[in-house]
Structure formats: structure tokens, C-alpha cells
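In our numbering, the protein residues as written are 7 to 313.
We treat Cβ as the ideally placed atom computed from N, Cα and C, and that holds for glycine.
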Amino acid sequence: MDDLRRIDLNLLLTLHALLAEKHVTRAALRLHKSQPAVSHALAQLRETFKDPLLTRRGAGMALTPRAQDLLLPLEAALQQLNGLLHEGAFDPGQAVRRFRLAMSDYAAHLVLPTLVKRLRDQAPGIDMVVCQASREAMLAQLADGEIDLGLGVFPDTASGIVVETLFEEHFVSVADKRSLPPRGKLALDKWLARPHVLVATRPDTENEIDAALAAQGRHRRIALVLPHWRASTEVLAGTDLILTVASRTLDHLPDEQGLTRFTPPFELPGFAFQQAWHVRREADSAHHWFRSVVMDCSRPIQQVARK
7 MDDLRRIDLN
17 LLLTLHALLA
27 EKHVTRAALR
37 LHKSQPAVSH
47 ALAQLRETFK
57 DPLLTRRGAG
67 MALTPRAQDL
77 LLPLEAALQQ
87 LNGLLHEGAF
97 DPGQAVRRFR
107 LAMSDYAAHL
117 VLPTLVKRLR
127 DQAPGIDMVV
137 CQASREAMLA
147 QLADGEIDLG
157 LGVFPDTASG
167 IVVETLFEEH
177 FVSVADKRSL
187 PPRGKLALDK
197 WLARPHVLVA
207 TRPDTENEID
217 AALAAQGRHR
227 RIALVLPHWR
237 ASTEVLAGTD
247 LILTVASRTL
257 DHLPDEQGLT
267 RFTPPFELPG
277 FAFQQAWHVR
287 READSAHHWF
297 RSVVMDCSRP
307 IQQVARK
């Protein structure tokens, strides 16, 4: 208790913002404070913890090992204090909060329009910051407290990560109609003989399609790797390329593109699209509410998928 008397608890809120944002200006915006005030608080915190906490690295700033050790316990402590003050109650209409999410443009296209409208209608004080990351990066960011929620496919999760299925998906292939036989299908050998497009954040990323082929002792040639789901269909017209993607990627595929979708000529299991968070968020009533809204915004997708 004596140690607590030496520090203003408001400084802990500033510390949390600084460690989460790794940037004085962004922390100031998050706290609705001036940059000089946050810089002054950082100096106080450095003196209190006898550590720089944030150090210059290239064009940005990085956490010191001591700051890394502080981040997760600090988040847990602040959530517990918030729970004591509010007795677990959460009023979305009055809440002021920022949620940090990671997702692909596939998830952004499907979920964000409905989610943003819901927040503007029901919780105008809640902001979102959305970034794009691979599933491995999302899991690391969740563990490190850099994001609050990840949307993606998580067949293997790290310790402390909780997942919830938003909807079920399956794969389809798509190609320029003029490059396909009259019936719009290809046998496996002809499918494998064609060049393919892979949507991935990194060219060496493991994916369900090539894993299923490898299980049969087969492989395909990847002629193009790109990280954008929507752009992946736009490159197909006038080429012999084949794209195999989650079916919902093609929901708004314009007819004038002259593309045809078809079932891949080999067994390719479906998959669950999920939201993931760290177990330390379980007691956070605001986070629980936000997850329920994301789930609710995914229900129309579930209904279409079942048709």
C-alpha cells in the first residue's frame, strides 16, 4: 500500500495508453490530453519505475523489457479497478472506449459495414482501429495486448487465446470464363496445370488449399501472391489464372468481369471463420459486449451461408 501512495493512479492510465500506443501523440489523443501533458507524465513514470519504458527505434518507439513486463499486469489491474467502480455494468450508449482489431480485407468487407453502423447507432463514443495481419501475427498481438480482437481462421491457438466461431465457410475456384471448358469445370490434372493466385500476407504462409493437395501428394504452381482478397479477382480477367478462395469473397463479383466460379476438383474441407481474444479480456464487460455485437453482425452471413 505504501508504494501506491507514491503514484497518482491517473498516471497508470497514461502508462497503459503509452505502452499500448508506443507513441506519445497517439497516447495523448487516446486520453484526450495535450502532448506536453503526456510527455510530462512519461517523465514522471520513468522516474517512478527507474526505467526509460519507451526507447527510440528507427522512426518509432519500442517498449523496454521492463515495460513489456508491465503491460499485461497493468491491463488486468485496470480492468479489475474498472469492475469495482462499475460493478460489472456497461452502458454502450455512454461508453467512451477504443477497440483495436486485426482482420483481412475479406473480414472487413463482410463484417465492418454492419458493425460500424451498429456502433454509430448504439455506441457513438466507441472508436475502432483496424489493422491487417497474418493469423500468426494476430495471435502474437493478442498475447502482447497490442490488439483487443482478431478476426480470422485459427486452427491452432496459443495458450491463453479464446476463439468463437462467427460463421462457416467453404472454398470455391474462379477463373476467366473464356479460359474454361463449356461446362465451366476442370479435372484435377488440368486444374493443377494452370497457374494459380494465392491470397496471403506472406508467400511462405501455410494455407488449407496447399495442405489438402500435399495430403494427396500433389502441388500447384503459385504464379501470383498478393494480400488483398478483393483485388485477387480483378487480376483474373483475360488470363489463364485460377483463384481458389473463401466463397463469400465472391458475393459481389460483377457479372461484367466475365468470371466463372466452380467447385475445386478435389476434396477441400470447409472452415470456421472466428473471432479471437486473450483470456485476460474475459472479465471485461465492454469487451464482452463488443464481441456479442461482432457475433450479431455476422448472423446475416451465417444465414446466407446456410441457404
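Between the CA atoms of residue j and residue i - distance to the nearest angstrom
i	j	result
A278	V102	32 angstroms
L284	A49	The sequence given here places His at residue 284; Leu does not occur at that position. Their Cα atoms are separated by approximately 30 angstroms.
L80	V159	29 angstroms
A243	R141	29 angstroms
E27	S238	32 angstroms
K196	N213	21 angstroms
G99	D127	9 angstroms
H294	R72	29 angstroms
D97	R305	23 angstroms
A221	I215	10 angstroms
T315	D162	Outside the displayed range of the chain (7 to 313) lies residue 315, so it cannot be described from this structure.
Backbone secondary structure at residue i - three-state DSSP
i	result
A139	coil
T269	coil
S298	helix
S45	helix
L24	helix
D132	The displayed chain sequence assigns Ile, not Asp, to residue 132. If DSSP states are grouped into helix, strand and coil, I132 belongs with the strands.
V251	strand
L59	coil
V180	strand
M67	strand
R126	helix
L78	helix
Contact under 8 angstroms by Cβ, residue i with residue j
i	j	result
T54	L37	no
V251	R124	no
A108	M144	yes
V178	R267	yes
E174	G66	no
A82	R286	yes
H22	L84	yes
D150	R106	no
V203	L265	no
W235	S45	no
R69	L17	The displayed chain sequence assigns Leu, not Arg, to residue 69. No.
Sequence-distant residues of its chain with Cβ nearer than 7 angstroms to residue i (five each side left out)
i	result
P201	R227, A229, D246 and L247
T31	Q41
G166	A149, H284 and V285
R224	L198
A193	P271
D182	L242, A243, G244, T245, G264 and L265
Environment of residue i [buried if 16+ CB atoms lie within 10 Å]
i	result
P188	exposed
A282	buried
Q41	exposed
V3	This structure does not reach residue 3, given that the chain is present from 7 up to 313, and the question cannot be answered.
R312	The predicted position of R312 is uncertain, since its pLDDT is 45 and thus under 50; no value can be drawn from it.
E152	buried
L186	buried
R254	buried
D302	exposed
D257	exposed
D75	exposed
D290	buried
Cβ neighbours of residue i in the same chain (closer than 6 angstroms, five flanking residues each side left out)
i	result
D8	Since pLDDT at D8 reaches only 46, below the 50 mark, its modelled position is unreliable, and the value read off the structure follows with that caveat. Hits under 6 angstroms: none found.
L77	L25 and G151
Sequence-distant residues of the same chain with beta carbon closer than 8 angstroms to residue i, five excluded per side
i	result
Q280	L157, G158, V159, F160, V169, E170, T171 and L172
P209	I228 and V231
R104	R36, I132, D133, M134 and V135
E273	A218
K191	F268, T269 and P271
Near the ligand NAD: residue i beta-carbon under 7 angstroms from a heavy atom
i	result
A129	Among the components of this structure there are no ligands whatsoever, and the ligand NAD is therefore not found.
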